[in-house]
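Residue numbers (our numbering), protein chains in the order written: chain A, 739 to 848; chain B, 7 to 578. Yeah, the Cβ is synthetic: ideal placement off N, Cα and C, and Gly gets one too. These numbers were taken from a predicted model, which means no experiment stands behind them. Report on one structure; see the data block that follows.
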Amino acid sequence: MKTVAVFVGFCLVLVFVWERVDVVRIGYEIEQLKRDKTALERQRDELRVKVSALSASDRIAKLATEKLGMSLPQQGQIIVVQSRPSDVHPSGVVPVGLKVARNYVPSGRL
Amino acid sequence: MAGSLSRGRRCVLLLLLLCGFGVVLFRLVTLQVLQAAELSVKADRQHQKTVTLEGARGTIVDRHGKILAMNVEVPSVFGVPNTLDSPIKTARQLSPILHVRTEELERKLRQDRSFVWLARKMDPEQGRQLDRLSLDGIGVVMEGRRFYPKGPLLAHVLGFAGMDGEGLEGVEHRYESHLRGEKRMMVLQRDALGRTVFPKGMTEGSPTSGHSLTLTIDEVIQYIAERELEDAVGRAQAKSGTMIVLDPKTGAVLAMAVSPRFDPNTVSALSPDRWRNRALTDAYEPGSTMKAMMAAAAIEERVVRPNTMVFGEHGHMTVANTVIHDHERLGWVSFAQVIQKSSNIGAAKTGMALGQQRLYRYLQAFGFGQRTEIDLPGEGTGLVRNPRDWGRRSVASISMGQEIGVTPLQMVAAVAAIANGGLLMKPYVISEIRDADGHILRQIPPQTKRRIISQETARSVTKILEGVITDGTGAKAAIRGFRAAGKTGTAQKIDPRTGSYSATRFVASFTGYVPTDNPQLAMIVVIDEPQRDAWGGAVAAPVFSRVGEQVLSYLGVPPNEPVMLAMTSPRS
Numbered sequence: 739m740k741t742v743a744v745f746v747g748f749c750l751v752l753v754f755v756w757e758r759v760d761v762v763r764i765g766y767e768i769e770q771l772k773r774d775k776t777a778l779e780r781q782r783d784e785l786r787v788k789v790s791a792l793s794a795s796d797r798i799a800k801l802a803t804e805k806l807g808m809s810l811p812q813q814g815q816i817i818v819v820q821s822r823p824s825d826v827h828p829s830g831v832v833p834v835g836l837k838v839a840r841n842y843v844p845s846g847r848l
Numbered sequence: 007m008a009g010s011l012s013r014g015r016r017c018v019l020l021l022l023l024l025c026g027f028g029v030v031l032f033r034l035v036t037l038q039v040l041q042a043a044e045l046s047v048k049a050d051r052q053h054q055k056t057v058t059l060e061g062a063r064g065t066i067v068d069r070h071g072k073i074l075a076m077n078v079e080v081p082s083v084f085g086v087p088n089t090l091d092s093p094i095k096t097a098r099q100l101s102p103i104l105h106v107r108t109e110e111l112e113r114k115l116r117q118d119r120s121f122v123w124l125a126r127k128m129d130p131e132q133g134r135q136l137d138r139l140s141l142d143g144i145g146v147v148m149e150g151r152r153f154y155p156k157g158p159l160l161a162h163v164l165g166f167a168g169m170d171g172e173g174l175e176g177v178e179h180r181y182e183s184h185l186r187g188e189k190r191m192m193v194l195q196r197d198a199l200g201r202t203v204f205p206k207g208m209t210e211g212s213p214t215s216g217h218s219l220t221l222t223i224d225e226v227i228q229y230i231a232e233r234e235l236e237d238a239v240g241r242a243q244a245k246s247g248t249m250i251v252l253d254p255k256t257g258a259v260l261a262m263a264v265s266p267r268f269d270p271n272t273v274s275a276l277s278p279d280r281w282r283n284r285a286l287t288d289a290y291e292p293g294s295t296m297k298a299m300m301a302a303a304a305i306e307e308r309v310v311r312p313n314t315m316v317f318g319e320h321g322h323m324t325v326a327n328t329v330i331h332d333h334e335r336l337g338w339v340s341f342a343q344v345i346q347k348s349s350n351i352g353a354a355k356t357g358m359a360l361g362q363q364r365l366y367r368y369l370q371a372f373g374f375g376q377r378t379e380i381d382l383p384g385e386g387t388g389l390v391r392n393p394r395d396w397g398r399r400s401v402a403s404i405s406m407g408q409e410i411g412v413t414p415l416q417m418v419a420a421v422a423a424i425a426n427g428g429l430l431m432k433p434y435v436i437s438e439i440r441d442a443d444g445h446i447l448r449q450i451p452p453q454t455k456r457r458i459i460s461q462e463t464a465r466s467v468t469k470i471l472e473g474v475i476t477d478g479t480g481a482k483a484a485i486r487g488f489r490a491a492g493k494t495g496t497a498q499k500i501d502p503r504t505g506s507y508s509a510t511r512f513v514a515s516f517t518g519y520v521p522t523d524n525p526q527l528a529m530i531v532v533i534d535e536p537q538r539d540a541w542g543g544a545v546a547a548p549v550f551s552r553v554g555e556q557v558l559s560y561l562g563v564p565p566n567e568p569v570m571l572a573m574t575s576p577r578s
């Protein structure tokens, strides 16, 4: 009986110690995960700033004109075609106004 | 064996054991009971670490959610000089990464201090390089740094935040209480090696970030306005320029451009003069653009009608012993032509017929001499003197835009009132405030300040101002396919040396709206001291036209004059 009581007591002490150690271990894991989360959030924010900088109108316009040879349509090169009552589809949907931009080249090519 | 011990020895052994236990018991009581409070505090000090955490500063986005300003955590590096063996060696290793001279770093690291900043808010890549180096006596902490990813775009409106993250100018300053993140103290448990185990009290959580602001500004419209303004200021070799684009129906600011621009990411090298938002701080004499408001007042008060005939005095008229000139020698012309041809004499005569009190009342009604109450800091009131201080020529002068100071924002708000049928709207740049989770905390609706003129008067003035572009001084403001209305202005600046009007320094401006049947844009362009052609119609009106054409196309506004379908068929 005595031996059983000592064994049970020993087991209880073991469980208690194991629980304390596990709490500390999980604490370290939580901290590590928190650090990972912070690092990922930091990386996400860096990428958001980068995306925003890369999509700046200033930069896109520069790339379009300098690298791709594009230019802003001059007066008369944008023709807006408005829908007429006869353009209404049988379903009753009015077509959206169409914008046509074309770069006039003297040789006649569009 | 035990049995062989004498009784005396057993007693001594027992006594020794009892003494031993007694000492342990005494020590236990001393530590656990008598010194419990003091030792508990000491233990906490060793096991716990209190840190101050600050939530990230809120993000600023344009009306389509494009990021204009946001915080990113970046590394700051510090040194602990009194733990370093060789400051010179450490300085040599740090120098190429921090881009700071070795001598300067060495000087800092030789100080008799336990903490010294070596570089703050560096690029993330520099922090990663330092991590790889892992130097003793050198530490890295993360701090929030404000980034303006669009560079100079909208800088005068956004303003900027200082090194410690506090808003110093513009929206950053005005909405500091919303943008600033929450500060929270947190207690962390540490092990014997000083590693953090977990926060004491897991429910404390991290501090919440500041609120995010959604602007009424459209990044694309802002870009178009800034590009065209910079171009015009450059071509005219002008001192500076300002352009504002408003939605006339709501007062929402779609673009506010100031030239020259600055980059809020590198603001420390610039003087305050460079980041002042001239669109709302600087008053200028508006010149002939004021005739639009004078016309509205005179028509509303039935002093004149658009077809009322006015004699132009063939270009010369004497008022209070001074001569008023017109650039064109006009005879009898209609009041509409007075405005279209920008006749000073016609405007002065109409102003005098309106009278001092009514003119002053309308100046106030249009918002001149008062702040528009836009949600930006530093707004000026302009200058409208009390009628008691007016001279004998003042009514005539004010009617043609002299003896009065207005800000570009006041002027465009007044023009927007004519555009929208007579209502003065409060200009604003913030449309929404959201919390860190994206929930809307506040939506800012358009605010009507007052009705100034009737819709009928507004329609009459619009017709007259359309004539300024089709037949008058503002021909270069025309936008193909759209009916636009506006008024040119060319004002001489006061020469500070002589106190009189300068013959060489001008402010050229144009203000108007488009399309006139359903106004989508009210705009003002002000060019300060153009060196070549100084006329508002030549310098500022083309900017109105170019920006208007591009922005209307971007917004998908259909033109007033439809183009026949047949014209669009491609040529072979």
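Checklist line | Cα-Cα separation between B:Lys206 and B:Asp50, rounded to whole angstroms | finding: Legend: pLDDT at B:Lys206 = 49, less than 50; position of this residue unreliable, value from coordinates given subsequently. If you take the alpha carbons of B:Lys206 and B:Asp50, they lie about 11 Å apart.
Next item on the list: Round the Cβ separation of B:Met431 and B:Pro414 to the nearest angstrom and send it over; I've been treating them as touching at under 8 Å.
Entry: Their Cβ separation, rounded to whole angstroms, is 16 Å, which puts B:Met431 and B:Pro414 out of contact at 8 Å.
Item checked: Under the three-state DSSP convention, the category B:Thr295 falls into -> helix
Checklist line | CB contact check: A:Asp796 to chain B, cutoff 8 Å | finding: yes
Next item on the list: Using alpha carbons as the reference points, say which of B:Thr256, B:Met262, B:Lys245 and B:Ala285 lies closest to B:Ala231.
Entry: B:Met262
Note to self: Under 8 Å, with one C-beta from each stretch per pair, do the region 139 to 154 of chain B and the region 235 to 245 of chain B reach the 3-pair mark?
What the structure shows: no
Notebook entry, point to check: Can you name the residues of chain A whose CB is closer than 7 Å to the CB of B:Tyr229?
Noted result: Ser795 and Asp796
Margin query: With a threshold of 7 Å on Cβ separation, who are the neighbours of B:Ala402 within its own chain once the five nearest residues in sequence on each side are excluded?
Written below: Val325, Ile330, Ala354, Gly357 and Met358
Check: With 8 Å set as the bound, which would you pick, yes or no: does the beta-carbon of A:Gln815 sit closer than that to a beta-carbon of chain B?
Finding: no
Check: DSSP three-state call for B:Ser12: helix, strand or coil?
Finding: coil
Note to self: By the three-class DSSP mapping on this structure, what secondary structure does B:Gln243 have?
What the structure shows: coil
Check: So, helix, strand or coil for B:Pro270, using DSSP?
Finding: helix
Next item on the list: Using a Cβ cut-off of 9 Å, pull out every chain A residue sitting near B:Met76, in sequence order please.
Entry: Asp783, Arg786, Val787 and Ser790
Item checked: Enclosing beta strand (DSSP E) for B:Thr463 [first to last residue] -> Element bounds for B:Thr463: not the beta strand (DSSP E) but the alpha helix (DSSP H), Gln461 to Asp477.
Checklist line | One or two residues paired with B:Thr494 in a DSSP bridge | finding: B:Phe516
Check: Is B:Gly71 buried or exposed, if buried means 16 or more other CB atoms sit within 10 Å of its CB?
Finding: exposed
Note to self: Give me the chain A residues within the contact set of B:Gln159, using Cβ-Cβ distance strictly less than 9 Å, ordered along the chain.
What the structure shows: Note that residue 159 of chain B corresponds to Leu in the displayed sequence, not to Gln. Per Cβ cutoff of 9 Å: Ala794, Ser795 and Asp796.
Note to self: With a threshold of 6 Å on Cβ separation, who are the neighbours of B:Thr209 within its own chain once the five nearest residues in sequence on each side are excluded?
What the structure shows: Confidence is the limiting factor: at B:Thr209 the pLDDT is only 44, short of 50, which leaves the residue's position unreliable and the question unanswerable from this model.
Check: Applying a beta-carbon distance threshold of less than 9 Å, which residues of chain B neighbour A:Arg780?
Finding: Val78, Glu79, Val80, Pro130 and Met148
Checklist line | Residues bridged to B:Asp534 (per DSSP) | finding: B:Ser246 and B:Val513
Notebook entry, point to check: Does the Cβ-Cβ distance between A:Asp796 and B:Gly176 come in under 8 Å?
Noted result: no
Check: How about the region 474 to 486 of chain B and the region 535 to 547 of chain B: do they share at least three Cβ pairs that are nearer than 8 Å?
Finding: yes
Note to self: Please give me, in chain order, every unbroken run of the alpha helix (DSSP H) with length at least 4 that falls completely inside the region 385 to 431 of chain B.
What the structure shows: 400 to 405 and 414 to 425
Checklist line | Rounded separation between B:Gly407 and B:Ala298 - CA only | finding: 10 Å
Checklist line | Continuous alpha helix (DSSP H) stretch holding B:Pro6: start and end | finding: The displayed coordinates of chain B run from 7 to 578. Any statement about residue 6 of chain B would go beyond what the structure contains.
Next item on the list: Check whether the Cβ of B:Phe32 lies closer than 8 Å to any Cβ atom in chain A.
Entry: no
Check: Taking the alpha-carbon positions, what's the A:Tyr766 to B:Lys114 distance?
Finding: 36 Å
Note to self: Between which residues of its own chain and B:Pro536 is the CB-CB distance below 6 Å, once the five residues before and five after are set aside?
What the structure shows: Ala242, Ala244, Ala514 and Val545
Note to self: For B:Val273, which residues in the same chain have their Cβ closer than 8 Å to its Cβ, ignoring the five residues on either side in sequence?
What the structure shows: Phe166 and Trp281
Margin query: Assess contact between the region 103 to 111 of chain B and the region 215 to 229 of chain B, defined as three or more Cβ pairs (one per stretch) separated by less than 8 Å. Is contact present?
Written below: no
Item checked: For B:Trp338, the first and last residue of its enclosing beta strand (DSSP E) -> Trp338 to Ser340
Next item on the list: Give me the Cα-Cα distance between A:Leu848 and A:Ile817, rounded to the nearest whole angstrom.
Entry: The predicted model places A:Leu848 with a pLDDT of 31, which falls under 50 and marks its position as unreliable; any figure quoted below should be read in that light. About 14 Å.
Note to self: Quick check on B:Trp541: does DSSP put it in helix, strand or coil?
What the structure shows: coil
Check: Which of the three DSSP states, helix, strand or coil, is assigned to B:Arg69?
Finding: coil
Note to self: In the DSSP output, what is B:Pro81 paired with across the bridge?
What the structure shows: B:Met148
Notebook entry, point to check: In chain A, what lies closer than 8 Å to B:Glu306 by C-beta?
Noted result: Those do not exist, as B:Glu306 stays about 35 Å from chain A at its closest Cβ, beyond 8 Å.
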